[in-house]
Amino acid sequence: MIIVMKNGTTEEHITKLSNWLSERFNVQVNPIYGTGTTVLALVGDTGAVDKDALLLDKYVERITKVQEPFKLANRKMHPQDTIVKIADGVEVGGKKIVVMAGPCSVESREQIIDVAKNVKKNGATVLRGGAWKPRSSPYSFQGLKAEGLDLLHEAHKETGLPVVTEITNPAHIELFMEKCDCFQVGARNMQNFELLKELGQTDKPVLLKRGFANTIEEFLMSAEYLMAGGNKNVILCERGIRTYETYTRNTLDISAVPVLKRMSHLPVVVDPSHAGGIYWMVEPLARAAVAAGADGLMIEVHNDPAHALSDGAQSLTYESFEETMNSLRSIANAMGREI
1 MIIVMKNGTT EEHITKLSNW LSERFNVQVN PIYGTGTTVL ALVGDTGAVD KDALLLDKYV
61 ERITKVQEPF KLANRKMHPQ DTIVKIADGV EVGGKKIVVM AGPCSVESRE QIIDVAKNVK
121 KNGATVLRGG AWKPRSSPYS FQGLKAEGLD LLHEAHKETG LPVVTEITNP AHIELFMEKC
181 DCFQVGARNM QNFELLKELG QTDKPVLLKR GFANTIEEFL MSAEYLMAGG NKNVILCERG
241 IRTYETYTRN TLDISAVPVL KRMSHLPVVV DPSHAGGIYW MVEPLARAAV AAGADGLMIE
301 VHNDPAHALS DGAQSLTYES FEETMNSLRS IANAMGREI
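Going by the UniProt record's numbering, 142 is the number at position 142 of the sequence shown; the sequence numbering is gapless.
Encoded structure:
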């Protein structure tokens, strides 16, 4: 349920009404302050809420029911775009399209620091890299784990780039809190609800990837788990879905970008590397994502893709990353945005 307040409603009255609704009807009330308008988003069993009594309040403009199961992630609840701050000067959801770049896996100190310096030089503002790597095969490289996390943090100190890295285990949250700036929940863990609940108890940004066989509503319901716990700093990431096509690693659902932007107020990032799975597809898919309105990109870059321990086939070289960034700038400028 959404209660739209009239212009000029005081914060004191909003607080008083919110407390009364919470105590009287046992619902969670989330005040959302916009430009000139304040909205009260009610979450919980709102069936008992007396709409007629509320409309007697002279400051209530109108009341609307939200039918979708995701409430906090719903644009009806929060008409204005949410901007998620990853670090000072790095915000996802604004005019600037944020590029997160780096290797699939951290392999060594020399590798991650060299890649970090290069992607920063070419315009990336966030360093991505995997320490714990969930792989389809138990025999594949699983990452350097805690050592990899330490190396990412060292690369951060060396370059100043904030770090986004994947977490797979709720028991690791405290360790990650000190070593990264944004949690990544991978496609395989999109519906790991116990992990989502625990991450929802933090205030650190979470980049949530869509599962490769999940609907958009299921995707948003996973975001709801994070937000219901109190963490409103959620970034959605479309990384391709599984279809009957086998030529590419996945099929990039480019339509998910405008659909998510219409259904939700949360920022949307696209991962063209995992979508195509082939290095030469990254640039055209990234261009399409920017043209569709994505707020950011997650691109895999490696110093030596041919000898990468994971996902070398989809990783860009330094030269191709530079070319891709130059290409993306022209698309962004045409849309009144920047990279």
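The C-beta atom is built at its ideal place from N, Cα and C for all residues, glycine as well.
Only a predicted model underlies this, so the values are computations on that prediction, with no experimental measurement involved.
M177 carries a helical assignment under DSSP once its states are collapsed to helix, strand and coil.
Around the Cβ of K58, a 10 Å sphere holds fewer than 16 other Cβ atoms; the residue is exposed. In the three-state reduction of the DSSP assignment, K209 falls in the strand class. For F183, the enclosing beta strand (DSSP E) stretches over residues C182 to V185. Where Y318 is concerned, the enclosing alpha helix (DSSP H) starts and stops at Y318 to A334.
Taking a contact as a CB-CB distance under 8 Å, the pair G293 and V257 counts as one, their CB atoms being some 6 Å apart.
By the Cβ rule, the region 92 to 102 counts as touching the region 261 to 276, because three or more pairs are nearer than 8 Å. N231 sits in coil when the DSSP states are folded into three classes, being neither helix nor strand. When only Cα atoms are considered, R287 and T125 end up about 18 Å apart. Taking 8 Å as the upper bound for CB-CB distance, I2 and T64 are in contact here, some 5 Å apart. Cβ contact annotation for L260 (same chain, cutoff 7 Å, sequence separation greater than five): I216, L236 and V268, in chain order. Counting C-beta atoms within 10 angstroms of its own C-beta, P305 has 16 or more neighbours from the protein chains shown and is therefore classed as buried. Taking a 10 Å sphere around the C-beta of K71, we find 16 or more other C-beta atoms and assign the residue as buried.
For V290, the enclosing alpha helix (DSSP H) covers residues Y279 to A292.
Excluding its 5 nearest sequence neighbours in each direction, H172 has C-beta neighbours in its own chain below 8 Å: W132, listed in chain order. The C-beta distance from S255 to N74 rounds to 19 Å, too long to fall under 8 Å, and the pair is not in contact. By the beta-carbon neighbour count (other beta carbons within 10 angstroms, threshold 16), D311 is buried.
Counting only runs of 3+ residues, the beta strand (DSSP E) found wholly inside the region 15 to 101 occupies 28 to 33, 38 to 43, 60 to 64, 84 to 87 and 90 to 92, in chain order. Taking each of F321, E338 and E322 in turn and checking the Cα distance to R329, the smallest one comes out for E338. Shown here, I112 sits in a helix according to DSSP, grouped into three states.
The residues T248, R249, A313 and Q314, in chain order, have a CB closer than 8 Å to that of I278 in the same chain once the five nearest residues on each side in sequence are set aside.
DSSP, read as helix, strand or coil, puts G312 in helix. According to the DSSP assignment, M298 belongs to the beta strand (DSSP E) that extends over G296 to E300. Per DSSP, reduced to three states, the secondary structure at S273 is helical. Within the same chain, Cβ atoms closer than 6 Å to the Cβ of P205 are found at V84, I86, C182 and N233, the five residues on either side in sequence being excluded.
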